[in-house]
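So the protein lines, in turn, are chains E and X.
Sequential numbering from 432 applies to the first sequence in the numbering used here.
Sequential numbering from 23 applies to the second sequence in the numbering used here.
Just so it is clear, CB atoms sit at the ideal spot from N, CA and C, and this is done for glycine as well.
Being a predicted model, the structure only gives us computed values, none of them experimental.
First comes the structure, then the notes that go with it.
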Amino acid sequence: MIGTARAILQKDLLLELRTKESVPAMTLFTLTVYVLFHFGLDRDSLDGELASGVLWVTLLLASIIGVSRLFGAEREQGGIVGLLLAPVDRTALWVAKAAALFLMLVAVELVAVPAFGLLLLGPSLGGALPELLVVLALGNVGIAAVGALVAALAAETRAHELIVPLLLLPLLVPVLISCAQATEPLLRQDAGPEDLGRWLGLLSLYDVVFVLLSVAVFDFLLED
Amino acid sequence: MYSKGLIPLAVATVVAMGTAMALIFFYAPLDADQGFVQKIFYVHVPMAIVALCGFVAGGIMAIKHLRTGDRSWDLRSYVAIHLSIILGVGVLVTGAIWAKASWGHWWVWDEPVLVSFLVVFLLYCVYYPLRFAIEDPERQARYSSVFAIAAGAFVPLNFMAVRLAEAYTHPRVLSQTGGSLPGDMRLTFLVALAAMALLFVTLWKLELTAKHASLQLKKLRRRLDARVAA
C-alpha cells in the first residue's frame with residue numbers, strides 16, 4: 432500500500448512541478464487576501480486575535496483552491512479510470528492525495544507565513560516560530576485529511592466547484608477554532624498566558640478522528 | 023412496507039403533542055426572571071435534541087447502507103437528515119427569538135450550543151446540493167452515505183471545539199440538559215421531548231412511505247410504457 436501511495440504521490444508532485452498550477456495560485460491568493468484584509472480592516476499592522484484570525488482564515492480559504500484541484504488532472508484527463516482500473520487499495524489513493532495536499536500546504540505556508548509577518552503582523556514572528564510550526568503542522572494534517580475526503584466526495588458531482596467550499600469550510604471550523612486560539616497568544620505584543628496544550632489536544636483529536644474516518648469510508652468512494 | 027404502525031404512531035404523536043402543549047401552558051410554572059417567554063424552551067430544546075439525534079441517526083443508517091449495500095437504508099438516512107434540517111430551521115428561529123427576549127439580541131455568539139448548531143446546520147445544508155449533483159442512483163446513495171457518516175462524526179467534535187472556545191469567556195448560567203430544572207418544569211420538558219421525538223418518527227415514516235410509493239409508481243409507469251410501446 433505504501434508503495435502504491437508513493438507512486439501516486441510522485442505522479443501528483445511531478446504534475447504539480449511541471450504545470451505549476453495549484454501552489455503558485457494558492458500562494459498568490461494568500462497575498463491577495465492579505466491586501467484585502469489590510470483595506471477591509473483599515474489596519475497597517477495586526478496582533479493577537481486579529482492577526483491569528485486573519486492568518487488562519489486566509490490559509491483555510493487558500494486550501495479551497497488546493498482541494499478543488501486535487502482530483503483535477505484525473506477528472507479532466509480521464510486519469511481516474513486508470514486509477515480505478517488498477518488493482519490497488521483505495522486507501523493508498525487517499526493517503527497519496529492527503530500527502531500531496533499536505534505538501535502543497537507546506538509549500539504555500541513557506542511563503543505565506545513570512546509574507547504575513549512582513550506585511551501585516553505587528554510583533555515579530557521570530558519568537559513565536561517554534562510553537563507556530565507545531566500548530567501549522569497539526570493544522571495541515573487536519574486540512575489534508577478532510578480535504579482529500581471532500582475532494583473525492585465532490586470529484587464525481589456535477590456542481591463540483593460549488594460543493595467543495597460549501598463542504599470544506601464548515602468541516603474545518605474546529606480546525607480554525609483550535610489553530611486560531613493556539614496561535615493567538617503567540618502573536619500578541621506582550622506574550623500573555625498560553626493555553627497551547629488544550630488547543631493542540633483538540634487539534635490532534637480532530638486529526639485522528641478524520642484520518643481514521645477517511646480511511647474507513649474512502650473505499651466506498653470512487654468505487655465504480 | 024414502511025406504513026406499518028403509522029396510524030397508531032400518528033395518534034400517539036397527537037396525544038403526546040396535546041399533552042405537552044397543555045403542560046406547557048397550564049402546568050409548568052412561569053420562570054422567575056424570564057417570565058412567559060421562557061416557555062419557548064419547551065419547544066426549542068427538544069427540537070434541537072431531536073434534530074441532532076436525527077443527524078447522528080442518519081449517519082448510523084448510512085453505515086448500515088454501506089455495510090449491507092441495501093439502498094433502502096440510504097433512503098432512511100436521507101429522510102432522517104432531511105427532517106432534521108427542517109427541524110434545524112425551527113431550532114435556529116426559536117433560538118433567535120429566545121435570545122432576543124432574554125438577552126436582548128437576536129443572535130449571541132457566546133452561546134456555544136447555538137453557535138455549534140449553526141455550524142452543523144450549515145454543513146448539513148450541503149447534503150442536498152451534493153446528493154442531487156450525482157445522477158447515477160447507486161453512486162448517489164453511496165456518496166450521500168459517506169457524507170452522512172463524516173458529518174455525523176463531525177457533530178460531537180464540533181460541539182466540543184465550540185464549547186471549549188466559548189466556555190471560558192462566558193460562564194454558562196442556564197443548564198439546558200434539564201439537570202437543574204425544578205420537578206414540574208422537568209416533567210413538562212420530558213413530555214415535550216417525547217412528543218417531539220414521536221413527531222419526528224411519525225414524519226419520518228410518513229415521508230418514507232410517500233417516497234416508497236412514488237418509487238413504486240414510477241416503476242409501474244415504466245413497465246406500462248414498455249408494454250404500450252411493445
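- Per DSSP, the unbroken alpha helix (DSSP H) holding alanine 585 (chain E) starts and ends at 560 to 586.
- Residue pairing by DSSP places leucine 552 (chain E) opposite E:Leu477 in a beta bridge.
- For glycine 57 (chain X), the three-state secondary structure derived from DSSP is strand.
- One thing to note: alanine 42 (chain X) has its Cβ no nearer than 7 Å to the Cβ of methionine 207 (chain X).
- Following the DSSP letters along the chain, one finds valine 223 (chain X) inside the alpha helix (DSSP H) bounded by residues 205 to 251.
- DSSP places tyrosine 146 (chain X) in the helix class (H, G or I) of the three-state scheme.
- As summarised for the segment 124 to 173 of chain X, the continuous alpha helix (DSSP H) elements at least 4 residues long and confined to that stretch are 134 to 147, 149 to 154, given in chain order.
- Within 10 angstroms of the beta-carbon of methionine 432 (chain E) lie fewer than 16 other beta-carbons, which makes it exposed.
- When the alpha-carbon of asparagine 180 (chain X) is set against those of X:Glu160, X:Val141, X:Trp95, X:Pro204, the nearest one is in X:Val141.
- In this structure, X:Ile62 is the residue among X:Gln162, X:Gln56, X:Ile62, X:Val37 with its C-alpha nearest to the C-alpha of phenylalanine 47 (chain X).
- Chain X has a Cβ within less than 7 Å of the Cβ of isoleucine 608 (chain E).
- Contact with chain E is found for valine 168 (chain X), since one of that chain's Cβ atoms lies less than 7 Å from the residue's Cβ.
- When Cβ-Cβ separations below 7 Å define contact, alanine 232 (chain X) makes no contact with chain E.
- For the pair alanine 543 (chain E) and leucine 440 (chain E), the CB atoms are not nearer than the 7 Å cut-off.
- Rounded to whole angstroms, the gap between the alpha carbons of leucine 242 (chain X) and leucine 652 (chain E) is 31 Å.
- Shown here, arginine 437 (chain E) sits in a helix according to DSSP, grouped into three states.
- With the criterion set as a beta carbon lying under 7 Å from some beta carbon of chain X, the members of the segment 619 to 648 of chain E are Arg629, Leu633, Tyr637, Val640, Leu644, Val648, in sequence order.
- In the three-state scheme derived from DSSP, where H, G and I count as helix and E and B as strand, tyrosine 49 (chain X) is classed as helix.
- Secondary structure of lysine 451 (chain E) (DSSP, three-state): coil.
- Listed along chain X is no residue with a C-beta nearer than 8 Å to that of alanine 543 (chain E); the closest approach is about 24 Å.
- Selection E:Pro561, E:Leu569, E:Ala559, E:Gly578 evaluated against tryptophan 525 (chain E) yields E:Gly578 as nearest (Cα-Cα).
- Secondary structure at alanine 517 (chain E): coil, using DSSP grouped into helix, strand and coil.
- Shown here for leucine 145 (chain X): same chain residues with a beta carbon closer than 7 Å to its own, the five before and five after excluded, namely Ala173, Phe176 in chain order.
- In the three-state DSSP reduction, aspartate 621 (chain E) falls in the coil class, being neither helix nor strand.
- Leaving aside the five residues that flank phenylalanine 502 (chain E) on each side, the residues in its chain whose CB is nearer than 6 Å to its CB run, in chain order, Ala582, Ala586.
- Annotation: Cβ neighbours of isoleucine 156 (chain X) in chain E (cutoff 8 Å, chain order): Glu587, Thr588, Arg589.
- In its chain, beyond the 5 residues on either side, Trp630 have a beta carbon closer than 7 Å to the beta carbon of glutamine 612 (chain E).
- Annotation: Cβ neighbours of isoleucine 594 (chain E) in chain X (cutoff 8 Å, chain order): Val148, Pro151, Leu152, Ala155.
- For valine 519 (chain E), same chain residues with a beta-carbon under 7 Å away, outside a window of 5 residues either side, are Thr435 in chain order.
- Residues of chain E with a Cβ closer than 7 Å to the Cβ of leucine 144 (chain X) are, in chain order, Pro601.
- Counting the other Cβ atoms within 10 Å of the Cβ of leucine 221 (chain X) gives 16 or more, which makes it buried.
- Across the structure, arginine 521 (chain E) and serine 645 (chain E) are spaced so that their CA atoms are roughly 11 Å apart.
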